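A short write-up of the structure that comes next.
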Amino acid sequence: MSDTSSQEMLSFLEQGFPTARAAADTLIRHRRSVFMGGISAEPIAREDIAWLLEMAHWAPNHGKTEPWFFKVYTGAALEALGQLQAEVYQAITPAEGFKQETYDRLLSRPSLCGCVIGICMKRGENPNIPVIEEVSAVACAVQNLWIAASAIGLAGYWSTGQMVFHPLMRERMGLGPEDQFLGFFNLGYLKGTWPTGQRKAGWEDKVEWVGA
Numbered sequence: 025m026s027d028t029s030s031q032e033m034l035s036f037l038e039q040g041f042p043t044a045r046a047a048a049d050t051l052i053r054h055r056r057s058v059f060m061g062g063i064s065a066e067p068i069a070r071e072d073i074a075w076l077l078e079m080a081h082w083a084p085n086h087g088k089t090e091p092w093f094f095k096v097y098t099g100a101a102l103e104a105l106g107q108l109q110a111e112v113y114q115a116i117t118p119a120e121g122f123k124q125e126t127y128d129r130l131l132s133r134p135s136l137c138g139c140v141i142g143i144c145m146k147r148g149e150n151p152n153i154p155v156i157e158e159v160s161a162v163a164c165a166v167q168n169l170w171i172a173a174s175a176i177g178l179a180g181y182w183s184t185g186q187m188v189f190h191p192l193m194r195e196r197m198g199l200g201p202e203d204q205f206l207g208f209f210n211l212g213y214l215k216g217t218w219p220t221g222q223r224k225a226g227w228e229d230k231v232e233w234v235g236a
């Protein structure tokens, strides 16, 4: 796979701007976290999932380590994933804190999606790259995937929690001691209308102009 050539990109910008800017504006502004109940379990075409993962693959990363790795669950594997999540929860939870409703929810939740993607950080071979930069690169990859999903009418959310970050889950995901498991992206076709977004404050309140 090769990147878009510089000449092709230049041509695109010359011909597509401001259309390209408007498209980027719309997709970024309308990316949403859509939770269970808002997405369907309808199967998602493999080629669409593959395209999302290809978009994720073009995330920026320091040292070209490409630390992202995704485990894709569809069809019958969703039920097996629910069993895995429930088993890990039971294994790491003290008896006095165990809740049957939580166990049952974890058992059934993946099957409510069209696809679940396990988000992994596989540590690159360059020890000079800090772990936080590897994790940040994976987060950028997920953002790429998320925005791309919005472009084709797919919705979902990135789920984490204590169970996700436990060493047992990392082990069950087949990751090494220097790797990290960062959660699940629960994906499905949108049910109902696209949610309205909001921010607590304007972007200007989160910016300090220095030297301008």
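Just so we're aligned, residue 25 is where the sequence shown starts under our numbering, counting upward by one. Note that the Cβ used here is the ideal one computed from N, Cα and C, for glycine as well. Bear in mind the structure is a predicted one, so any value in this text is a computation, not a measurement.
Assuming residue i contacts residue j under a Cβ cut-off of 8 Å, what Cβ separation, rounded to an integer in Å, is found between them?
i, j, result
"residue 199", "residue 68", "Wrong, their Cβ atoms sit about 25 Å apart, outside the cutoff."
"residue 303", "residue 207", "This structure gives no information on residue 303, because the portion of the chain shown stretches from 25 to 236."
"residue 144", "residue 93", "4 Å"
"residue 172", "residue 79", "4 Å"
"residue 91", "residue 164", "Between residue 164 and residue 91 the Cβ distance is about 10 Å, and since that is not below 8 Å, they are no contact."
Go ahead and pull the three-state DSSP assignment for residue i.
i, result
"residue 112", "helix"
"residue 52", "helix"
"residue 212", "strand"
"residue 64", "coil"
"residue 35", "helix"
"residue 199", "coil"
"residue 26", "Caution is warranted here: a pLDDT of 49 is assigned to residue 26, below 50, making its placement in the model unreliable, and the coordinate value is therefore given only provisionally. The answer is coil: DSSP assigns residue 26 none of H, G, I, E or B."
With 16 other CB atoms within 10 Å as the buried threshold, where does residue i fall?
i, result
"residue 158", "buried"
"residue 168", "buried"
"residue 232", "exposed"
"residue 44", "exposed"
"residue 59", "exposed"
"residue 31", "exposed"
"residue 218", "exposed"
"residue 35", "exposed"
"residue 74", "exposed"
"residue 216", "exposed"
"residue 106", "buried"
"residue 138", "buried"
"residue 26", "Low confidence applies here, because residue 26 scores a pLDDT of 49, under 50, leaving its location unreliable; read the following figure in that light. The residue in question, residue 26, is exposed, as its Cβ has fewer than 16 Cβ neighbours within 10 Å."
"residue 201", "exposed"
"residue 4", "The requested residue 4 is not part of the displayed model; the chain covers only 25 to 236."
"residue 124", "exposed"
Could you tell me whether any non-hydrogen atom of the ligand MG is closer than 7 Å to the CB of residue i?
i, result
"residue 128", "Within the structure as shown, the ligand MG is missing, as the structure has no ligands at all."
Worksheet item: Mind pulling the alpha helix (DSSP H) runs of 4 or more residues that sit fully within the region 139-196?
Response: 155-175 and 191-196, all fully within the region 139-196.
Item to complete: Kindly confirm or deny that the region 113-128 and the region 45-61 touch, where touching means at least three C-beta pairs closer than 8 Å.
Response: No contact exists between the region 113-128 and the region 45-61.
Worksheet item: Is there contact here, the region 184-193 with the region 218-230, by at least three beta-carbon pairs under 8 Å?
Response: By the criterion of at least three beta-carbon pairs nearer than 8 Å, the region 184-193 is not in contact with the region 218-230.
Practice prompt. Scan the region 87-136 and note each continuous beta strand (DSSP E) run of 3 residues or more that stays entirely inside, going in chain order.
Written response: Within the region 87-136, the complete beta strand (DSSP E) runs of at least 3 residues are 92-97.
Worksheet item: Counting pairs of beta carbons, one from the region 119-130 and one from the region 140-160, are three or more of them closer than 8 Å?
Response: With a cut-off of 8 Å, the region 140-160 and the region 119-130 do not count as touching, because too few Cβ pairs lie within range.
Worksheet item: Are the region 90-105 and the region 174-181 touching, with three or more C-beta to C-beta distances below 8 Å?
Response: No, the region 90-105 is not in contact with the region 174-181.
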